[in-house]
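A.B. asks: This note's numbering puts the sequence shown at residues 4 to 221. Where is the CB? At the ideal position from N, CA and C, for every residue including glycine. One structure follows; several queries about it will come next.
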Amino acid sequence: MFSWGSGSRSHPGWPARVGPLHVAAGDVALRPVKMRDGADWSDLRIRNQDFLVPWEPTSDGNWAARHHRSSWPALYSVLKAEAKRGAVLPFVIEVDGRYVGQLTIGNVQRGAVRNAWIGYWVDRAQTGRGIATAAVALGVDHAFGPVGLHRLEATVQPANGASRAVLTKVGFRHEGMLERYMDVNGRWRDHDLFALTTEEIAGSAAENLVRSGRAGFR
Ligand code: ACO
Numbered sequence: 004m005f006s007w008g009s010g011s012r013s014h015p016g017w018p019a020r021v022g023p024l025h026v027a028a029g030d031v032a033l034r035p036v037k038m039r040d041g042a043d044w045s046d047l048r049i050r051n052q053d054f055l056v057p058w059e060p061t062s063d064g065n066w067a068a069r070h071h072r073s074s075w076p077a078l079y080s081v082l083k084a085e086a087k088r089g090a091v092l093p094f095v096i097e098v099d100g101r102y103v104g105q106l107t108i109g110n111v112q113r114g115a116v117r118n119a120w121i122g123y124w125v126d127r128a129q130t131g132r133g134i135a136t137a138a139v140a141l142g143v144d145h146a147f148g149p150v151g152l153h154r155l156e157a158t159v160q161p162a163n164g165a166s167r168a169v170l171t172k173v174g175f176r177h178e179g180m181l182e183r184y185m186d187v188n189g190r191w192r193d194h195d196l197f198a199l200t201t202e203e204i205a206g207s208a209a210e211n212l213v214r215s216g217r218a219g220f221r
């Protein structure tokens, strides 16, 4: 059963459940972050420090301290407030109901632009089994459907082959290079800009994955 879940009226699309989509790893779904995610979030973020640091924005403070479970309530409160404002859609990526990563749609712009960025990470132990590709496809369909956006952007470092592969599989197009775009791991790093607009998705991104044999509906 494939469902979009429900959205708030003032800012459609959050909170909502999206999916599931079946891939090699199991059933992939998106659900809103919750206050009770602190332990899972902390465990995965601390275990994946070396895996995530090369790709994530530089931030003050020690990684372990920033990702201690006691840091989650404050982060969750900010995410929830931004989500209520309609600026961010923060999702947990679940596989068979287990927290394996996060997907965020951010800087949501309305009016004549209707654009946002999409970003994601997955527990290293779970990678290579189609999870991020399914999650991004679900995120795209949600953004272009219930949320009402027209365009999504993703910025990726040239060396991030796995993330580039995910975006390409979902149909994102390379638009250009953003030089010294983001402070990542202590240095200004060039990023490739990928984008996708509604016109480029015939039907839905999830349906396209299913048609290509990379995923199935439950
Ligand atoms: N070069 C090229 N392709 C690669 C590489 C590489 N070095 N490593 C893996 N791949 C391919 C895999 O073969 C697979 O493609 P395939 O299905 O055609 O074989 C693809 O990358 C990965 O697809 P998934 O299995 O759907 O993705 P996964 O669940 O493994 O998650 C992710 C990918 C999210 C990038 C994960 O590696 C991760 O969390 N990395 C660290 C954080 C990160 O980089 N996040 C993205 C930042 S950029 C952004 O958010 C827009």
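Mapping DSSP to helix, strand and coil, what is residue 35?
C.D. replies: strand
A.B. asks: Per the contact definition of three or more C-beta pairs closer than 8 Å, is the segment 66-85 in contact with the segment 30-38?
C.D. replies: yes
A.B. asks: Can you give the Cα-Cα distance for residue 86 and residue 155, rounded to whole angstroms?
C.D. replies: 17 Å
A.B. asks: On the premise that residue 24 lies in contact with residue 147, defined as a C-beta separation below 8 Å, what is that separation, rounded to the nearest angstrom?
C.D. replies: At roughly 16 Å, the Cβ-Cβ gap does not stay under 8 Å, so residue 147 and residue 24 are not in contact.
A.B. asks: Cβ of residue 55 versus every heavy atom of the ligand ACO: is any distance shorter than 7 Å?
C.D. replies: yes
A.B. asks: Can you tell which of 166, 126, 193 has its C-alpha closest to the C-alpha of residue 179?
C.D. replies: 193
A.B. asks: Taking 7 Å as the cut-off, is the beta-carbon of residue 44 closer than that to any non-hydrogen atom of the ligand ACO?
C.D. replies: For residue 44, the distance from the CB to the nearest heavy atom of the ligand ACO is not below 7 Å.
A.B. asks: Nearer than 7 Å: is that true of the beta carbon of residue 172 relative to any heavy atom of the ligand ACO?
C.D. replies: yes
A.B. asks: Any contact between the segment 99-117 and the segment 58-69? By contact I mean 3 or more CB pairs, one from each, below 8 Å.
C.D. replies: Touching, no.
A.B. asks: Can you tell me the Cβ-Cβ gap for residue 136 and residue 173, rounded? I've got them flagged as a contact below 8 Å.
C.D. replies: Correct: roughly 6 Å between the Cβ atoms.
A.B. asks: May I ask you to check if the CB of residue 61 is nearer than 7 Å to at least one heavy atom of the ligand GTP?
C.D. replies: You won't find the ligand GTP in this model; what it holds is the ligand ACO.
A.B. asks: Here's the rule I'm using: 16 or more other beta-carbon atoms within 10 Å means buried, otherwise exposed. How should residue 205 be labelled?
C.D. replies: exposed
A.B. asks: How is residue 136 classed by DSSP in three states: helix, strand or coil?
C.D. replies: helix
A.B. asks: Suppose the cutoff is 7 Å on Cβ atoms and the five residues either side in sequence are ignored; what does the same chain contact list for residue 42 look like?
C.D. replies: Excluding sequence positions up to five before and after residue 42, its CB lies within less than 7 Å of the CB of 72, all in the same chain and listed in chain order.
A.B. asks: In three-state DSSP terms, what is residue 220?
C.D. replies: strand
A.B. asks: From residue 7 to residue 150, what does the alpha carbon distance come to, in whole angstroms?
C.D. replies: Note that residue 7 has pLDDT 37, beneath the 50 cutoff, so the model's placement of it is unreliable and no number is given.
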